[in-house]
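Each residue of the sequence shown is one higher than the last, beginning at 15 in the working numbering. We put the beta carbon where it would ideally sit given N, CA and C, even for glycine. If you're wondering where the values come from, they're calculated on a predicted model, not measured in any experiment.
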Amino acid sequence: MKRKQTNIRIKRVYAEPEKADGYRILVDRLWARGMSKEKANVDLWIKEIAPSTELRRWYGHNPVKWTEFKTRYFAELEANPGVVESILAEVETGVVTFLYSSKEERLNNAVALKEYIDSKIQNTANLINEPRVGQDTIMNE
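Put into structure tokens, the structure is as follows:
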């Protein structure tokens, strides 16, 4: 099955804002150190989409814990569908850039969040494209 492309980019909040970023969402629980709101040029800050403080501290950007971090983080996201829906709504409207402050560029919450949102969008696309059994369909037993 063909994967549905999403308009989600990931960028460090300290990087220079660009027009191509589209709608810029800070996805960290804490504001980026030393970064003014003007310089960050953030359209929306959704603290609630970030991993819990407990999970963030447990993970500590330890690569060995990455897979388990994602499992736990995804469980937190599943328990917070309203916030996830708000992100999905933004992604539907155009390009969205998830901003993060971590120095770790490959294993951070924005990367995990993009993976989670991409899978949500793909699952929805699969459901829409799945053949359905209608009332007129005769089932052989």
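Self-check item: C-beta contact flag for Glu-90 and Ser-115 at 7 Å
Solution: As a first step, residue 90 must be located in the sequence shown, where it is residue number 76. As a first step, residue 115 must be located in the sequence shown, where it is residue number 101. Taking 7 Å as the cut-off, the beta carbon of Glu-90 is found no closer than this to the beta carbon of Ser-115.
Quiz item: By how many angstroms is the C-alpha of Arg-26 removed from the C-alpha of Glu-119?
Solution: Residue mapping note: residue 119 aligns to position 105 of the sequence shown, counting from 1. Residue mapping note: residue 26 aligns to position 12 of the sequence shown, counting from 1. Straight through space, the alpha carbons of Arg-26 and Glu-119 are spaced by roughly 8 Å.
Quiz item: Would you call the region 86 to 106 and the region 125 to 134 touching, i.e. three or more CB-CB distances under 8 Å?
Solution: yes
Quiz prompt | Proximity of Tyr-37 and Val-97 at Cβ, strictly below 7 Å | solution = Here residue 37 is taken as the residue at index 23 of the sequence shown, counted from 1. Here residue 97 is taken as the residue at index 83 of the sequence shown, counted from 1. No, the Cβ-Cβ distance between Tyr-37 and Val-97 is not below 7 Å.
Quiz item: Under a three-way DSSP split, which group does Arg-71 fall into?
Solution: As a first step, residue 71 is located in the sequence shown; it is residue number 57 there, counting from the start. Assignment of Arg-71 by DSSP, reduced to helix, strand and coil, places it in the helix class.
Quiz item: Which residues mark the beginning and the end of the beta strand (DSSP E) in which Thr-111 is found?
Solution: Walking along the sequence shown from the start, residue 111 turns up at place 97. That run of the beta strand (DSSP E) goes 110 to 114.
Quiz item: Which full runs of the beta strand (DSSP E) of 3+ residues lie inside the region 23 to 68, going along the chain?
Solution: 37 to 40
Practice problem: Classify Glu-82 as buried or exposed, calling it buried when 16 or more other Cβ atoms lie within 10 Å of its own Cβ. | Solution: The sequence position of residue 82 within the sequence shown is 68, counting from 1. The residue in question, Glu-82, is exposed, as its Cβ has fewer than 16 Cβ neighbours within 10 Å.
Quiz item: What does a CB cutoff of less than 6 Å around Asp-35 pick up in its chain, not counting 5 residues either side in sequence?
Solution: Along the sequence shown, one-based indexing puts residue 35 at 21. Same-chain partners within the cutoff: Thr-111.
Quiz item: Between Leu-58 and the rest of its own chain, which residues show a CB-CB distance below 8 Å, the 5 nearest in sequence each way excluded?
Solution: As a first step, residue 58 must be located in the sequence shown, where it is residue number 44. Same-chain partners within the cutoff: Tyr-37, Arg-38, Ile-39, Leu-40 and Glu-104.
Quiz prompt | Same chain only: Cβ atoms within 7 Å of Phe-88, ignoring 5 sequence neighbours per side | solution = Taking the sequence shown and counting its residues from 1, the one referred to as residue 88 is at position 74. The answer, listed in chain order, is Tyr-130.
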